[in-house]
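Okay, so here's the structure we're looking at.
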Amino acid sequence: MGDWMTVTDPGLSSESKTISQHTSETKMSPSSLYSQQVLCSSIPLSKNVHSFFSAFCTEDNIEQSISYLDQELTTFGFPSLYEESKGKETKRELNIVAVLNCMNELLVLQRKNLLAQENVETQNLKLGSDMDHLQSCYSKLKEQLETSRREMIGLQERDRQLQCKNRNLHQLLKNEKDEVQKLQNIIASRATQYNHDMKRKEREYNKLKERLHQLVMNKKDKKIAMDILNYVGRADGKRGSWRTGKTEARNEDEMYKILLNDYEYRQKQILMENAELKKVLQQMKKEMISLLSPQKKKPRERVDDSTGTVISDVEEDAGELSRESMWDLSCETVREQLTNSIRKQWRILKSHVEKLDNQVSKVHLEGFNDEDVISRQDHEQETEKLELEIQQCKEMIKTQQQLLQQLATACDDDTTSLLRDCYLLEEKERLKEEWSLFKEQKKNFERERRSFTEAAIRLGLERKAFEEERASWLKQQFLNMTTFDHQNSENVKLFSAFSGSSDQDNLTVHSRQLQKKPHSMSNGSPVCMSKLTKSLPASPSTSDFCQTRSCVSEHSSINVLNITPEDIKPNQVGGECTNQKWSVASRPGSQEGCYSGCSLTYTNSHVEKDDLP
Amino acid sequence: MNFSEVFKLSGLLCKFSPDGKYLASCVQYRLVVRDVNTLQIVQLYTCLDQIQHIEWSADSLFILCAMYKRGLVQVWSLEQPEWHCKIDEGSAGLVASCWSPDGRHILNTTEFHLRITVWSLCTKSVSYIKYPKACLQGTTFTRDGRYMALAERRDCKDYVSIFVCSDWQLLRHFDTDTQDLTGIEWAPNGCVLAVWDSCLEYKVLLYSLDGRLLSAYSAYEWSLGIKSVAWSPSSQFLAVGSYDGKVRILNHVTWKMITEFEHPAAINNPKIVVYKEAEKSPQLGLGCLSFPPPRAGAGPLPTSESKYEIASVPVSLQTLKPVTDRANPKIGIGMLAFSPDSYFLATRNDNVPSAVWVWDIQKLRLFAVLEQLSPVRAFQWDPQQPRLAICTGGSRVYLWSPAGCLSVQVPGEGDFAVLSLCWHLSGDSMALLSKDHFCLCFLETEAAVGTACRQLGGHT
Chain R
16 MGDWMTVTDP GLSSESKTIS QHTSETKMSP SSLYSQQVLC SSIPLSKNVH
66 SFFSAFCTED NIEQSISYLD QELTTFGFPS LYEESKGKET KRELNIVAVL
116 NCMNELLVLQ RKNLLAQENV ETQNLKLGSD MDHLQSCYSK LKEQLETSRR
166 EMIGLQERDR QLQCKNRNLH QLLKNEKDEV QKLQNIIASR ATQYNHDMKR
216 KEREYNKLKE RLHQLVMNKK DKKIAMDILN YVGRADGKRG SWRTGKTEAR
266 NEDEMYKILL NDYEYRQKQI LMENAELKKV LQQMKKEMIS LLSPQKKKPR
316 ERVDDSTGTV ISDVEEDAGE LSRESMWDLS CETVREQLTN SIRKQWRILK
366 SHVEKLDNQV SKVHLEGFND EDVISRQDHE QETEKLELEI QQCKEMIKTQ
416 QQLLQQLATA CDDDTTSLLR DCYLLEEKER LKEEWSLFKE QKKNFERERR
466 SFTEAAIRLG LERKAFEEER ASWLKQQFLN MTTFDHQNSE NVKLFSAFSG
516 SSDQDNLTVH SRQLQKKPHS MSNGSPVCMS KLTKSLPASP STSDFCQTRS
566 CVSEHSSINV LNITPEDIKP NQVGGECTNQ KWSVASRPGS QEGCYSGCSL
616 TYTNSHVEKD DLP
Chain W
589 MNFSEVFKLS GLLCKFSPDG KYLASCVQYR LVVRDVNTLQ IVQLYTCLDQ
639 IQHIEWSADS LFILCAMYKR GLVQVWSLEQ PEWHCKIDEG SAGLVASCWS
689 PDGRHILNTT EFHLRITVWS LCTKSVSYIK YPKACLQGTT FTRDGRYMAL
739 AERRDCKDYV SIFVCSDWQL LRHFDTDTQD LTGIEWAPNG CVLAVWDSCL
789 EYKVLLYSLD GRLLSAYSAY EWSLGIKSVA WSPSSQFLAV GSYDGKVRIL
839 NHVTWKMITE FEHPAAINNP KIVVYKEAEK SPQLGLGCLS FPPPRAGAGP
889 LPTSESKYEI ASVPVSLQTL KPVTDRANPK IGIGMLAFSP DSYFLATRND
939 NVPSAVWVWD IQKLRLFAVL EQLSPVRAFQ WDPQQPRLAI CTGGSRVYLW
989 SPAGCLSVQV PGEGDFAVLS LCWHLSGDSM ALLSKDHFCL CFLETEAAVG
1039 TACRQLGGHT
């Protein structure tokens, strides 16, 4: 077969090897199939093509060559190179056209093959690189797997170690606990032993003491004596009385009297505190009701029945409240009623506040979207600009008026009269026009200004409304803070709850002390001034100062137990604004908030109160 | 602020009379009584030996001078200088002597606490009280002077006896549930008696005047317990300082703890003002020395000046590492004092010896901390207002009030080491005591405040 291969192109055969390897991947077309066969067959032939080729056709064997080629081509499906024979005997002629066609076809085929080869090559390259990539990926992943495996092993190891450690620690803990237990036992035993020893020692000591006592006292120690010039009278001027059963009874009586007084005093204090708390409660309730009543209508319309009934309760309570006597009843009978009503109101208030909260948040959300509302700053800027413009216009008008007047006054002049003829009329016309224009402009400005002021007013109103709403909301929230939990009230109990009045008292006391000159240096022994190394001014920076101030003021609100009710009354009657403030401040839990308000009023009073520079 | 001249003193024995008119001081065996206003000597008494203890009677008419070494007590009358009284306890010895609140009886405790002898200055009668307990604070009188409570020890058990002071009749006698009672103290209203156990056990017991146990409180076990106890002047609170470095405040209604004040060495709360005493070199201070006007013949200038600075939080205070294997370790709250209006509580933690904590009792929180350069020796509240005087054994006296702090150099030749101080009851002056001298410090005349304010303005 090797001989047949001579047909193939030398260029093609050189690369046929690589192509043949990938035949399975190339797309098969009928022509390519054909060509492949050719290619396949060309594998063995490689070298010496030329020499072989040159040997193929010689002068002598043209005929054979042509017939051979014809044979070959026909087998490959090409038309015969020879002309159709007319007769059997006549010798077949070589058809040049057919030969050329064949050649052309072969060339086309060749070109196609080359193209296909190129494609295949590039594909091959691509695939090769893909392969490389995948291989590298594979190796990388393998490495990763390896490292993670290693890590896992390491972690497992660590885990094991930690567990080990944990076990050890547990053991240690147990040991320590045992130790502690042991030590405690030791301590206890030592304590008992110590106590025992102490007791023994003490007994001995007591015996010795007894002995000593006998020795010292029975010796009739002459030295033990009082040497006194003359006896002095008793401080109370009375004579000493004999100790009798009667005195004993009297002492007993007195003791109980003292105790009773103390208890009475404490009871009184507690009563007062209670009364004050009740007052606060009442006030709060009233405020709550008054706060809630405007909302009454609204919620009733939309809120379901449950709150509706609650609100009707509120109304009932409001009725009850008017009966002041209720507050004088003992707590037990009123307690339940009171707590219930308060609780209800509280619930309403809470829901209301929550509602408000929601509204506020909604408003906040909306506020950002709202664009037709002109911001205050913009508005102000605008008005400012307009005012400036108006000012300018006015000035212009004024100058023009002046000019006009000048013209009017100067009309006597000859030259001007001359000029007047030529210019005045024209000018007048123009001025008039301008004048009217300005007037119109002015009017426009005025209108704009008015609209702006209106807008400003509207804005102000809106702002005010918002402020009000915010204030009410804050108030509610503030009330929200003043919960009546028992814990709180227990703490507060220690300082009696009402304090304003007592504070007033303290203040007056302080000021009195101040007025009283502390020390008068009378005809004195040499008294020297100090060399004050007075660096005193560690007095805190102003803010601190204020803080301490407010602390002081707060502090004076502790109700010292020694204040008698008589002290307090007059102050309560003379209720000033500060007094009122304090009554607010006496609410448990809300002190922090209020003091900040009060501190301002107090700083004034403190200026004098301040003793240490 | 003005200072008197310096007077001689021995044994830190210097006391204002209860009525505030006189000042008694001791120099060796002499007792000097001065007028508080003029500081001129009113009386001078000579005792038989070096005086170890003096005490004014409640009516300011008599002064008792005890000479424990000789077992002697001498009493002097202010009105009648020629009157004298000498009580000799003889071989029984003497360890303590005090007045009864009526000022007509003297209670002498003999050596080994064998008994207490009650000597009457009105009659010849002598009474004996047996079995007094040898403890830190074994006797206490109510403020009104009606009753005396006495700690006793019989048959290894603690007892408390309550006596009526007017005729020394035993009113109540009851045993207390304590291992080793250490102190008793009446509430200022005289209706509740606080009894506490030794430091080995944390236990406070509260008894009513009629001997009923009102409450018992114990914070913890197995550790060193109570170190100091103080009633608030309003009788509302009982502050108990203990070895764990905390003060616990009990209330007078339930006698339970309201709060506990820890004394950490680090202060982080920015609300608390921490005043730190800072040494200042004299060069820097020269500009300020124009005030006050230099005294004629002034002594040498102090080597350094000190002032308070407000430390910015967080602050860590200097702590002392206590030696725990010795007796009476320097830890825990050793000093406690309520301000006269019960609004403030001043404390000292013994392992932070140079700091004084001031607590706001109304808000039950720390209010201010003063850190001195040297350990605080003593502090005392002004009897009239919340103002705390502190001394550290140096030549300065320190004052704190809610408005601020100041440190004042005591003038005089050489160093006047202020070891102790006591306020006059008016709060206008105080006596500063050093080892062998004392002087009076007058505070707060209107003018002084004014100049001080100006001074403050000049500084800032």
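So the protein sequences, as listed, match chains R and W.
Position one of the first sequence corresponds to residue 16 (this note's numbering), numbered consecutively onward.
Position one of the second sequence corresponds to residue 589 (this note's numbering), numbered consecutively onward.
Even glycine gets a Cβ: it sits at the ideal position worked out from N, Cα and C.
Contact with chain R is absent for W:N916, since none of that chain's Cβ atoms lies less than 8 Å from the residue's Cβ. Taking all protein chains shown into account, W:K721 has 16 or more neighbouring C-beta atoms within 10 Å of its C-beta and is therefore buried. Note on geometry: alpha-carbon atoms of W:L759 and W:E773 lie some 17 Å from one another. In the DSSP assignment, the residues bridged to W:V957 are W:V862 and W:W945. Taking a Cβ-Cβ threshold of 7 Å, the residues of chain R close to W:V752 are N266, in chain order.
Per DSSP, the continuous alpha helix (DSSP H) segment holding R:S80 begins and ends at I77 to T90. The beta-bridge partner set that DSSP reports for W:A977 consists of W:Q968 and W:L987. Membership of W:T727 in the beta strand (DSSP E) is indicated by the continuous run T727 to F729.
Runs of the beta strand (DSSP E) lying entirely within the segment 642-675 of chain W and spanning at least 3 residues, in chain order: 650-655 and 660-665. Using a Cβ-Cβ cut-off of 8 Å, W:I717 is close to nothing in chain R; its nearest Cβ partner there is about 13 Å away.
DSSP, reduced to helix, strand and coil, places W:Y633 within a strand of the structure shown. Under the criterion of beta carbons closer than 8 Å, W:L682 and W:N696 qualify as touching, at roughly 6 Å. Interface annotation for the segment 670-689 of chain W against chain R: W671, H672, C673, K674, I675, D676, E677, G678, S679 and A680, criterion Cβ-Cβ distance under 7 Å.
Of all residues in the segment 701-713 of chain W, only H701, L702, R703, T705, W707, S708, L709, C710, T711, K712 and S713 come within less than 9 Å of chain R when Cβ atoms are compared, listed by chain position. Note that the C-beta distance between W:L933 and W:I846 is not below 8 Å. Taking the beta carbon of W:G778 as reference, the chain R residues within 9 Å of it are I273 and D277, listed in sequence order. The alpha-carbon of W:F955 is positioned some 11 Å away from that of W:S989. Leaving aside the five residues that flank W:V911 on each side, the residues in its chain whose CB is nearer than 7 Å to its CB run, in chain order, P917. The three-state secondary structure of W:I639, taken from DSSP, is coil. Contacts between R:A240 and chain W, judged by CB atoms closer than 7 Å, involve D676 in chain order. At a cut-off of 8 Å between beta carbons, W:L797 contacts chain R.
Excluding its 5 nearest sequence neighbours in each direction, W:S942 has C-beta neighbours in its own chain below 8 Å: L905, Q906, E959, Q960, L961, S962, P963, V964 and T980, listed in chain order. Shown here, W:E789 sits in coil according to DSSP, grouped into three states, outside any helix or strand. Annotation for W:N939: no alpha helix (DSSP H) segment contains it, and DSSP assigns it neither H nor E.
If you compare the alpha carbons of W:H840, W:T764, W:S786 and W:F1030 with that of W:R742, the shortest gap goes to W:T764. Each of R:R350, R:E463, R:S366 and R:Q416 was checked against the Cα of R:Q491, and the nearest Cα belongs to R:S366.
Taking 8 Å as the CB threshold, R:E217 lines the interface with chain W. Its Cα nearest to that of W:Y896, the residue W:C993 stands out among W:I651, W:S688 and W:C993. Rounded to whole angstroms, the separation of the alpha carbons of R:K457 and R:I405 is 7 Å. According to the DSSP assignment, W:F700 belongs to no beta strand (DSSP E), since it is labelled neither H nor E. In the structure shown, the three-state DSSP call for W:I919 is coil. In the DSSP annotation of this structure, the continuous segment of the beta strand (DSSP E) that includes W:F1030 starts and ends at H1025 to F1030.
For the pair W:S806 and R:A290, the Cα-to-Cα distance works out to about 35 Å. For W:L759, the neighbours in chain R by C-beta distance under 7 Å run, in chain order, N266 and M270. Q199 and I202: these are the residues of the segment 189-202 of chain R whose beta carbon lies less than 8 Å from some beta carbon of chain W, given in chain order. No residue range can be given for W:G833, since it is assigned to no alpha helix (DSSP H) and is classified by DSSP as neither H nor E.
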